[in-house]
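Peer 1:
Protein chains in written order, with our numbering: chain A, 1 to 364; chain B, 1001 to 1364.
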């Protein structure tokens, strides 16, 4: 039976054949993104290349530090390069007589390309081809969805555990540290991004870094994610310390309404821009659309930000199995910000909201 | 008075002028490494470019998310790009009539280079020039050394705090989480790399990831670092749970002897390969040199691994103010590994060992 990673490699090779049918390019794809390599082989080390041939071949390259690890993780042909991987990769290109080798322009530095070009076999050429594997990665398979579910679950548990340990006089930084610690203790490999804990007016900065600010009464925005079995989760929740005033309750309600409308619009076959519009339209009704300064969400998986983007200008058509975030927010300088975010999976008929944490306004 | 970052920019421009004197290249340098940009401007955001001209100009580019932040952090000319930074950068290149613009081949993707090339002004060309800023960054200024000292101090305190919370039945993962948590609570921004906690035979893997392994009696290797004020620290210490046997004591002594010999050989004017040799020679005397499978150390600063490398083939001449690690180790499959690592600063007459943690064998 074909392994999960073997199936993925076959799908990637099918993509290459499809491309070659249309454009006469490529004979092979040299993969240099470690995320793409992990996706296609299961390898978790920090140095590797993978050469997929339209002839069905899959050659994996790493260095001697990973001899044992590659032996146990990788089920295609493994080459342990004694010098730089480049030399071994070029040798394999020569041996297979690949002529048009696609490279990943977003995942290869100019320096690395130069090193490859310098000793390229006579008749071979390197051609940039974007996003072959990234596009496959948009739609998650069962193994991936299981990991994302687990990640989302631990992330939500970690929030509860951390809030239990919240004390008066705590700073943003301390609460962020508490969140990361609880998440690790619950089984996360680490945070999927720098945990955001923003209190008071600072919540108006969508990318606030936690600082030495004391968490006082008022708005508290928490945006957190975990990596579990290499897969990301992402959630934003609002807490109000002390009784919230009218403006906060009203704005919270508007953002929640926008978030639910966006979730409601998610379905296989729908364009991502339509989901974005659903959130924006609700906020417009509350005269808050100009305060919504980012896109509605993004794909996530082996990376915290993956395709597709759920934004005004994106035209990706949603497919069942895509894992995305839905996270509208409004930001008012000098007052504060409110964002509500879930991780959801697209289905044929709608979507499944994975995040179990309640969106009822939490007052502490 | 010139700010610290202004002095650094002047030093970078002096380097460019020196280069142009010799090779007629370049008129300007386009900096795309965020670490280099932070070094030269103080900017801490996640999207920026910096164009340094040999005419003395310094143009900084970022997007609207960072308007306020750039305003307060950056003291050279700031452009807030409405679309991709590329367009604004190209406009500035055109306006300044730069013809030969150096790019950083290790810090620019093939895709980003293509985007630049596509709309490059008529007479301009892009030329890869490696390591201009990285070379400057090797020698730390007072501001940097203060941050590294602080980072090293917090890192050592975090080890003590975490060991106090070590309990029987704890796993590697749990101790690693405890270390990261204590470090954050003491003021670190986060770990400088994935904390290594490797017990028993697993300590023989130089890059072991902490796992669900229970920390039992025997060898325990802890390799940890913090980022404090953006600067890294790095330390490895060995703990023995229960009374160590003869082989462990003997091997520990040999590694410590090698580490001290390497430290002893550090001085401005000495080649890094000589420092590496000092460690290797001692281990050879104990018949352990073949078990020492990596280099003796590396520079550190804004990144955990920076130039120079302290290895057999490196020929960098040490200069006062370089911050490096000294970390020989021996790894015996099926038995375990021992590594001892300090962060040190090169001085004219020798070096200052920053790491305050004792290297006496610690038995718990």
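Yeah, the Cβ is synthetic: ideal placement off N, Cα and C, and Gly gets one too. Nothing here was measured: the structure is a model prediction, and the numbers come from that model.
Between which two residues does the beta strand (DSSP E) carrying residue 39 of chain A extend?
Peer 2: Premise fails: residue 39 of chain A lies in the alpha helix (DSSP H), 34-41, not in any beta strand (DSSP E).
Peer 1: For residue 333 of chain A, which of helix, strand or coil comes out of DSSP?
Peer 2: Residue state, collapsed to three classes: coil.
Peer 1: Between the alpha carbons of residue 243 of chain A and residue 250 of chain A, how many angstroms are there, rounded?
Peer 2: Straight-line Cα distance between these residues: approximately 13 Å.
Peer 1: Here's the rule: buried if 16 or more other CB atoms are within 10 angstroms of the residue's CB, otherwise exposed. What is residue 1108 of chain B?
Peer 2: Residue 1108 of chain B should be labelled buried.
Peer 1: Measuring alpha carbon to alpha carbon, tell me which of A:254, A:306, A:246 and A:87 ends up nearest residue 442 of chain A.
Peer 2: With chain A represented from 1 up to 364, any question about residue 442 of chain A goes unanswered, as that position is not in the structure.
Peer 1: Checking 9 Å against the spacing of the C-beta atoms, do residue 1355 of chain B and residue 1046 of chain B come in under that value?
Peer 2: For residue 1355 of chain B and residue 1046 of chain B, no; Cβs fall outside 9 Å.
Peer 1: Hey, could you find the ends of the beta strand (DSSP E) residue 1340 of chain B is sitting in?
Peer 2: From DSSP, residue 1340 of chain B is part of no beta strand (DSSP E); its letter is neither H nor E.
Peer 1: List, in chain order, every chain B residue whose beta-carbon is nearer than 7 Å to that of residue 207 of chain A.
Peer 2: The answer, in chain order, is 1065.
Peer 1: Considering only C-alpha positions, which residue in the set A:273, A:69 and A:25 is nearest to residue 54 of chain A?
Peer 2: It is A:25.
Peer 1: What residue range does the alpha helix (DSSP H) around residue 1180 of chain B cover?
Peer 2: Taken as a continuous stretch (DSSP letters only), the alpha helix (DSSP H) holding residue 1180 of chain B covers 1172-1185.
Peer 1: Listed from N- to C-terminal order along the chain, which residues in the segment 96-107 of chain A have their beta-carbon within a distance smaller than 9 Å of any beta-carbon of chain B?
Peer 2: Answer in chain order: 103, 104, 105, 106 and 107.
Peer 1: Do residue 1093 of chain B and residue 1124 of chain B have their CB atoms nearer than 9 Å?
Peer 2: A contact, by the Cβ cut-off of 9 Å.
Peer 1: Residue 1061 of chain B by DSSP, collapsed to three states: which one?
Peer 2: Three-state result, residue 1061 of chain B: strand.
Peer 1: What is the C-beta distance between residue 129 of chain A and residue 102 of chain A, in whole angstroms, given that I count them as a contact (C-beta under 8 Å)?
Peer 2: Confirmed, about 4 Å.
Peer 1: Whether or not the segment 231-242 of chain A and the segment 327-342 of chain A are in contact is what I'm after, with contact meaning three or more pairs of Cβ atoms, one per stretch, closer than 8 Å; do they touch?
Peer 2: Yes, they touch.
Peer 1: Quick one: list the residues of chain A neighbouring residue 1198 of chain B, beta-carbon separation under 8 Å, in chain order.
Peer 2: Correct list: empty, because the minimum Cβ distance to chain A is about 14 Å.
Peer 1: Would you say residue 109 of chain A faces chain B, with C-beta separation under 9 Å as the test?
Peer 2: Interface residue, yes.
Peer 1: What do you get for residue 1287 of chain B, buried or exposed, if any count of 16 or more other CB atoms within 10 angstroms of its CB means buried?
Peer 2: Under this definition residue 1287 of chain B is an exposed residue.
Peer 1: Could you give the distance in angstroms between the alpha-carbon of residue 299 of chain A and the alpha-carbon of residue 1276 of chain B?
Peer 2: If I take the Cα positions, the gap works out to 46 Å.
Peer 1: What are the boundary residues of the beta strand (DSSP E) that includes residue 1248 of chain B?
Peer 2: Note, residue 1248 of chain B: premise wrong, no beta strand (DSSP E); alpha helix (DSSP H) at 1246-1265.
Peer 1: DSSP puts residue 351 of chain A in a beta bridge; with which residues?
Peer 2: In the DSSP output, where bridge partners are listed per residue, residue 351 of chain A has A:346.
Peer 1: Suppose you measure from the CA of residue 200 of chain A to the CA of residue 1173 of chain B; what does that come to, to the nearest Å?
Peer 2: Computed Cα separation, rounded: 34 Å.
Peer 1: Please compile the residues from chain B whose C-beta is within a distance smaller than 8 Å of the C-beta of residue 295 of chain A.
Peer 2: Within 8 Å Cβ-Cβ: nothing; residue 295 of chain A doesn't reach chain B, min ~12 Å.
Peer 1: Who are the Cβ neighbours of residue 1115 of chain B in its own chain at under 6 Å, not counting the five residues just before and after it?
Peer 2: Within the same chain, residue 1115 of chain B has close Cβ partners 1086.
Peer 1: For a contact meaning CB atoms closer than 8 Å, what does residue 168 of chain A contact in chain B?
Peer 2: Those do not exist, as residue 168 of chain A stays about 17 Å from chain B at its closest Cβ, beyond 8 Å.
Peer 1: Quick check on residue 17 of chain A: buried or exposed, where buried means 16 or more other Cβ atoms within 10 Å of its Cβ?
Peer 2: It counts as exposed.
Peer 1: For residue 352 of chain A and residue 346 of chain A, what's the separation of their Cα atoms in angstroms?
Peer 2: So the two alpha carbons sit approximately 7 Å from each other.
Peer 1: Quick one: Cα of residue 1032 of chain B to Cα of residue 1218 of chain B, how far?
Peer 2: Cα to Cα, residue 1032 of chain B sits roughly 46 Å from residue 1218 of chain B.
Peer 1: Residue 1230 of chain B and residue 1197 of chain B look like a contact to me (Cβ under 8 Å); what is the Cβ gap, rounded to whole Å?
Peer 2: At roughly 25 Å, the Cβ-Cβ gap does not stay under 8 Å, so residue 1230 of chain B and residue 1197 of chain B are not in contact.
Peer 1: How about the segment 1059-1068 of chain B and the segment 1006-1021 of chain B: do they share at least three Cβ pairs that are nearer than 8 Å?
Peer 2: Verdict: no, contact absent.
Peer 1: If you pair each beta-carbon of the segment 1252-1260 of chain B with each one of the segment 1279-1297 of chain B, do three or more pairs fall below 8 Å?
Peer 2: They touch, by the three-pair rule.
Peer 1: When you compare each of A:224, A:292 and A:162 to residue 367 of chain A by their alpha carbons, which one comes out closest?
Peer 2: With chain A represented from 1 up to 364, any question about residue 367 of chain A goes unanswered, as that position is not in the structure.
Peer 1: How many angstroms separate the CA atom of residue 246 of chain A from the CA atom of residue 1216 of chain B?
Peer 2: Each residue's alpha carbon lies about 56 Å from the other.
Peer 1: Can you confirm whether residue 128 of chain A, when its beta carbon is compared against all beta carbons of chain B, has any partner nearer than 9 Å?
Peer 2: Output row for residue 128 of chain A: interface = yes.
Peer 1: Which chain B residues sit within Cβ distance under 9 Å of residue 158 of chain A?
Peer 2: Correct list: empty, because the minimum Cβ distance to chain B is about 11 Å.
Peer 1: Rounding to the nearest angstrom, what Cα-Cα distance links residue 1076 of chain B and residue 1323 of chain B in this structure?
Peer 2: Each residue's alpha carbon lies about 28 Å from the other.
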